[in-house]
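Peer 1: Keeping their order, the protein sequence lines are chains A and B. Taking the numbering used here, the leading residue of the first sequence gets 1, the next gets one more, and so forth. Taking the numbering used here, the leading residue of the second sequence gets 141, the next gets one more, and so forth. Backbone N, C-alpha and C define an ideal beta-carbon position, used for all residues, glycine too. Remember, predicted model here, so these are calculated numbers, not experimental data.
Protein chains: 2
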Amino acid sequence: MEAIIEKYKKSGVKLTPQRLAIIKFLEGNTSHPTADDIFKSIKKDYPTISFATVYNTLEMLKTNNGLVEVTINPERKHYDPNVETHHHAICKSCGLIVDIFTDFSKALGVVEDEVSGFVFSGNHINFYGRCGDCTSERDS
Amino acid sequence: MEAIIEKYKKSGVKLTPQRLAIIKFLEGNTSHPTADDIFKSIKKDYPTISFATVYNTLEMLKTNNGLVEVTINPERKHYDPNVETHHHAICKSCGLIVDIFTDFSKALGVVEDEVSGFVFSGNHINFYGRCGDCTSERDS
DNA sequence: TTCTAAGTTAAGAATGATTCTACTTAACGG
DNA sequence: CCGTTAAGTAGAATCATTCTTAACTTAGAA
Ligand SMILES: [Mn+2]
Ligand SMILES: [Mn+2]
Ligand SMILES: [Zn+2]
Ligand SMILES: [Zn+2]
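(1) At which residue ranges does the segment 1-63 of chain A contain complete beta strand (DSSP E) runs of 3 or more residues, listed in the order of the chain?
(2) What is the DSSP secondary structure of residue 113 of chain A, reduced to helix, strand or coil?
(3) Can you tell me whether residue 233 of chain B is helix, strand or coil according to DSSP?
(4) Work out the CA separation of residue 274 of chain B and residue 208 of chain B for me, nearest whole Å.
(5) Among A:36, A:22 and A:76, which has the Cα closest to the Cα of residue 57 of chain A?
(6) Identify which residue in A:95, A:84 and A:114 has its Cα closest to the Cα of residue 77 of chain A.
(7) Distance, Cα to Cα, residue 83 of chain A vs residue 231 of chain B?
(8) Which value, in whole angstroms, describes the spacing of the CA atoms of residue 35 of chain A and residue 51 of chain A?
(9) Find the nearest neighbour of residue 165 of chain B within the set B:268, B:200, B:155 and B:179, judged by alpha-carbon distance.
(10) Relative to chain A, which residues along the segment 252-265 of chain B have a C-beta separation below 8 Å, given in chain order?
(11) So is residue 102 of chain A in contact with chain B if we call contact Cβ pairs under 8 Å?
(12) If we cut at 8 Å on Cβ distances, does residue 135 of chain A have a partner in chain B?
(13) Leaving out five residues before and five after residue 46 of chain A in sequence, what residues of the same chain have Cβ atoms less than 8 Å from its Cβ?
(14) For residue 110 of chain A, does the count of other Cβ atoms within 10 angstroms reach 16, so buried, or fall short, so exposed?
(15) Would you kindly check if the distance between the Cβ of residue 125 of chain A and the Cβ of residue 263 of chain B is under 8 Å?
(16) Please confirm whether any heavy atom of ligand 2 lies closer than 7 Å to the CB of residue 222 of chain B.
(17) Looking only at its chain, what residues have a beta carbon closer than 8 Å to the beta carbon of residue 43 of chain A, apart from the 5 residues adjacent to it on each side?
(18) Just verifying my parser: in three-state terms, what is the DSSP assignment at residue 277 of chain B?
(19) Would a C-beta distance cut-off of 8 Å place residue 183 of chain A and residue 269 of chain B closer than the cut-off?
(20) Give a yes or no on whether 8 Å exceeds the smallest Cβ distance from residue 97 of chain A to chain B.
(21) Out of A:89, A:63 and A:59, point me to the one whose CA is closest to residue 73 of chain A's CA.
Have a look at this one:
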């Protein structure tokens, strides 16, 4: 946490209580929250916070490489403080998003030569299915 | 085309001129158009068409397995008449979306056992990069 | 053919996530 | 402390998509 704060100070951004609250909320968070999830959570401690602040902070974090947008749900954006390359499993029933850290670069690399003219810089895999809870629910 | 028309007739939907125009526009289309792209194109022949009809028809096609939504662009949905499993290359510069038909099931299958409780039913890979045009443009 | 029921279209209103605006407030280097 | 200036806030605006409702086709029955 301290290291994270230092990082932002160096990049010249002001560390307001609201920003720190959002950074703390996201730190180590693997739930892939939406802007609304973040807003609701921060509102408990900062009742006057506005969506503008949430979105502005997310934008700031994005440009400082502290956050990535996860484009999985066409209805709204999800945010992920884990900026390392990784993939996701998505439950088609309840929307749960789970991280997958397996490295597929070898298996995928071969193909990247086959697409005419493209120069690739990254990839992301979505695995669709049903999570444990939703599977056992249907069985019963 | 004839086969496609038969397919929808059988499923009990009425094939109106607007619907046929949309189906024709999509048939074999690999450009991954948005609802607005479709609307603009159909409007040339049917000036009174509305967005409601475009969205209704897309919904109808989706439920009849004649179309899939492509969740790649967080700003708007793209539609793909190719319902076979395939993947996409996305140009980060111009937004071009190109199909990739390589089969990765073997390489990905191994992992699917490792995610606790999940039962998987499909996957989709996004390859990010720059297309040929955008790459040569930057070079010059 | 003509009639009907059911499904479809079109215009515009409604929704909801995200962005913008105008103004107030507070962070922080000096 | 102070001044500069970035950041916070409330609410309006935007824009893709969905909803509502009345008028209109379609296809089958008579
Ligand atoms: Mn993740
Ligand atoms: Mn495609
Ligand atoms: Zn689930
Ligand atoms: Zn390009």
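Peer 2: Let me spell this out:
(1) Under the rule that a run must span 3 or more residues, no beta strand (DSSP E) segment is found entirely inside the segment 1-63 of chain A.
(2) Per DSSP, reduced to three states, the secondary structure at residue 113 of chain A is helical.
(3) For residue 233 of chain B, the secondary structure class from DSSP, reduced to helix, strand or coil, is coil.
(4) Their Cα atoms are separated by approximately 27 Å.
(5) If we check each option's Cα against that of residue 57 of chain A, A:22 comes out closest.
(6) Cα-wise, what sits closest to residue 77 of chain A is A:95.
(7) Between the alpha carbons of residue 83 of chain A and residue 231 of chain B lies a distance of about 20 Å.
(8) Each residue's Cα considered, the two are about 8 Å apart.
(9) Nearest C-alpha to residue 165 of chain B among B:268, B:200, B:155 and B:179: B:179.
(10) Those would be 252, 254, 255, 256, 257, 258, 259, 260, 261, 262, 263, 264 and 265, in chain order.
(11) By this cut-off, residue 102 of chain A is an interface position.
(12) So, interface residue.
(13) Excluding residues within five positions, the ones whose Cβ falls inside 8 Å are 17, 18 and 21.
(14) Around the beta-carbon of residue 110 of chain A, fewer than 16 other beta-carbon atoms lie within 10 Å, marking it exposed.
(15) Contact flag set, yes.
(16) Flag set: Cβ of residue 222 of chain B near ligand 2.
(17) The beta carbon of residue 43 of chain A lies closer than 8 Å to those of 49 in the same chain, with the five residues before and after it left out.
(18) Reduced to three states, the DSSP call for residue 277 of chain B is helix.
(19) Any property of residue 183 of chain A remains undetermined from this structure, which presents chain A solely from 1 to 140.
(20) Interface residue (Cβ-Cβ distance to chain B less than 8 Å): residue 97 of chain A is not classified as such.
(21) If we check each option's Cα against that of residue 73 of chain A, A:89 comes out closest.
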